[in-house]
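This report refers to the structure that appears directly beneath it.
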Amino acid sequence: MSLSERDKKHIWHPLTQHKTSASPLAIVKAKGALLWDEDGNEYIDGIASWYTSMYGHCNEAITSRVAKQMQVLDQVVFSGFTHEPAVELSEKLIEILPDNQQKLFFSDNGSTSVEIAIKMALQFHFNKGEKKVAFLAFEEGFHGDTFGAMSVSGLSVYNGPFEGFSLEVYRIATPKGDNNKVVLKQLKSLVSEHAIAGFIYEPLVQGAAAMKMHDAEGLNSLLKHCKVNNVLTIADEVMTGFGKTGRNFASEFMKIKPDIICLSKSLTAGLVPMAITSCTQEIFDAFYSDKIAKGLFHGHTYTANPLACQAAIAGIDLLNSSEIQENIKQIIASHQTFAKRIKNNKKVINIRQIGVIFALDLNIEMERYGNLRNKLFTHFMKKGVFLRPLGNTIYILPSFIISKDQLTKIYDAIEDSFSLF
Ligand SMILES: *Cc1c(COP(=O)(O)O)cnc(C)c1O
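Residue numbers (the working numbering): 11 to 431.
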């Protein structure tokens with residue numbers, strides 16, 4: 011029996027309606043930007059396995075470091091204990107984060123990093139004796155699938171059964187340049203009418219909303235208004251973090267720096283799950299007290315697992331290397347060339363790019379979406395390219411180590427797909 015068949019017996023997959031979905035594809039090996047299935051077919055991983063393995067799959071600079079750590083210290087409780095990998099990671103990460111960031115709180119995945127940010131913001135005000143209980147968030151934002159993260163997410167088509175259990179959240183549009191003033195006005199009136207604890211946002215790129223991009227200046231003016239009105243700003247950089255926008259963090263494009271930053275996905279270079287919620291000294295100080303109850307009583311069993319910390323250290327070392335920085339520049343240039351090549355094609359609209367993130371929309375009406383995604387997905391896989399189209403959007407988010415030839419194959423497969431409809 012194939013793996014795909016054995017899988018059916020006991021496994022319940024994420025984000026899947028099992029009755030209507032095709033069988034999952036069994037992947038048996040990965041290296042660099044390539045994946046192999048159980049029949050020996052090869053695919054270029056055009057989205058770095060959901061933006062995690064940004065330095066390539068099974069990269070020895072990372073795996074060897076983790077393997078070595080495994081022989082020495084595999085896991086230890088992080089409440090009341092500490093260890094070298096966590097301390098070294100904290101030093102390296104603070105070095106590259108926006109310079110108002112001082113303290114790191116570890117957890118396991120992007121959603122928990124957001125839960126912690128939400129609890130930090132609520133308790134920050136609570137500890138100061140202020141009643142601030144609501145959040146601001148962007149329409150179509152995505153922040154994860156746990157309850158708090160789901161509440162602040164605006165992409166809630168499938169959240170029906172849980173709607174009555176949501177936090178108090180007010181939504182604003184994203185600033186796109188021409189509407190900056192309108193959005194700022196919207197935010198101003200919400201801040202004055204409600205007890206807003208924090209504003210959570212994906213800086214500049216909304217990943218799950220199909221790589222929608224917005225305006226740095228517009229976002230900056232929103233952050234500025236939050237700052238002066240004691241609304242904490244929470245940058246969800248789970249997707250945008252670690253070099254993907256061409257800078258280490260998307261927050262670097264704005265003058266006003268966030269109070270809290272959520273990190274996961276490529277934090278551990280695609281090896282193991284881990285997340286970090288970073289914050290300023292000021293936030294930390296609001297929890298620092300002789301009163302025990304003022305502390306942040308949140309914790310996960312595998313917090314700051316030493317193997318995950320080593321993977322993250324290896325990832326940051328690679329990100330800092332001139333080789334990776336050079337690759338990032340080359341990918342950016344290749345994307346720009348491709349954008350020029352297709353920009354006059356009538357089947358394409360909204361070509362957009364920031365750093366190594368590239369997206370385009372097919373010029374097709376909503377009613378015709380039906381089978382579009384499957385048709386595109388199948389087309390790409392037949393060409394040996396793994397991409398995950400969303401609605402009428404095709405996007406690329408390759409690992410930094412992808413070769414020129416591999417990128418060309420992806421571009422060609424995308425251009426070929428225009429003739430499918
Ligand atoms: C993926 C993602 C999350 C959720 O992370 P998980 O590890 O899947 O829980 C949160 N925010 C953003 C912006 C993401 O892209």
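Ideal Cβ placement from N, Cα and C applies to all residues, glycine included.
From a predicted model like this one, the values you see are computed outputs, not experimental measurements.
Strand pairing of residue i, partner residues [DSSP]
i: G42; result: H67
i: D225; result: In DSSP, D225 forms no bridge with anything.
i: T243; result: F209
i: A144; result: I206
i: C272; result: D246 and T287
i: I374; result: Bridge partners of I374: none, in fact.
i: F396; result: D55
i: F368; result: Q363 and I406
Spatially closest choice to residue i from the options, by CA coordinates
i: P34; options: D47, G42, A43 and A40; result: D47
i: A220; options: C272, S231, G151 and A207; result: G151
i: Y65; options: K198, A40 and V86; result: A40
i: M249; options: Y211, V238 and S274; result: S274
i: K78; options: A324, S59, G120 and E140; result: A324
i: F297; options: S100, K18 and K138; result: K138
i: I87; options: G309, I412 and T388; result: Correcting the residue type first, residue 87 is Val in the shown sequence and not Ile. The shortest C-alpha separation from V87 is found at G309.
i: H9; options: D17, I270, S12 and A343; result: Missing from the structure shown is residue 9; the chain here goes from 11 to 431 and no further.
i: Q346; options: K357, K237 and R362; result: R362
i: T278; options: L25, L232 and A321; result: A321
i: G120; options: T62, F175, I374 and R257; result: T62
i: A423; options: N51, L25 and G56; result: G56
i: L165; options: E149, C236 and S429; result: E149
i: L281; options: I271, F294 and L317; result: L317
i: F431; options: I126, I374, F259 and Q340; result: I374
i: F252; options: K19, V179, F157 and K102; result: K102
i: E425; options: I404, S176 and S231; result: I404
Reduced DSSP secondary structure (H/G/I, E/B, other) of residue i
i: F428; result: helix
i: A134; result: Correcting the residue identity first, residue 134 is Phe in this sequence and not Ala. Three-state result, F134: helix.
i: A58; result: helix
i: R257; result: coil
i: T403; result: strand
i: D17; result: helix
i: A127; result: helix
i: E94; result: helix
i: N384; result: helix
i: N51; result: coil
i: F410; result: coil
i: S231; result: helix
i: F252; result: coil
i: F348; result: helix
i: V82; result: helix
i: L417; result: helix
i: A423; result: helix
i: S117; result: strand
i: L277; result: helix
i: A32; result: coil
i: I361; result: strand
- Query: Enumerated in chain order, which unbroken segments of the alpha helix (DSSP H) with a length of 4 residues or greater are wholly contained in the segment 281-339?
  - Reply: 291-295 and 316-330
- Message: For the structure I just gave you, are there three or more beta carbon pairs, one from the segment 59-76 and one from the segment 324-335, closer than 8 Å?
- Response: yes
- Item | Sequence ranges, beta strand (DSSP E) only - wholly within the segment 151-226, length at least 3 | Within the segment 151-226, the complete beta strand (DSSP E) runs of at least 3 residues are 179-182 and 206-211.
- Task: Count the C-beta pairs between the segment 218-235 and the segment 361-376 that are closer than 8 Å, then say yes if the count reaches three, no if not.
- Result: Three or more beta-carbon pairs separated by less than 8 Å link the segment 218-235 to the segment 361-376, which places the two stretches in contact.
- Task: Would you check if the segment 288-305 and the segment 73-88 touch, i.e. whether three or more CB-CB distances between them fall below 8 Å?
- Result: Flag = no, the segment 73-88 and the segment 288-305 do not touch.
- Query: Any chance the segment 330-341 sits against the segment 110-130, with 3 or more Cβ pairs inside 8 Å?
  - Reply: Verdict: no, contact absent.
- Message: For the structure I just gave you, are there three or more beta carbon pairs, one from the segment 103-114 and one from the segment 197-216, closer than 8 Å?
- Response: no
- Query: Three or more beta-carbon pairs under 8 Å between the segment 257-268 and the segment 88-100, yes or no?
  - Reply: no
- Message: For the structure I just gave you, are there three or more beta carbon pairs, one from the segment 241-248 and one from the segment 208-217, closer than 8 Å?
- Response: yes
- Message: Three Cβ pairs or more, each shorter than 8 Å: is that satisfied between the segment 285-292 and the segment 123-138?
- Response: In short, these stretches touch, since the Cβ pair count reaches three.
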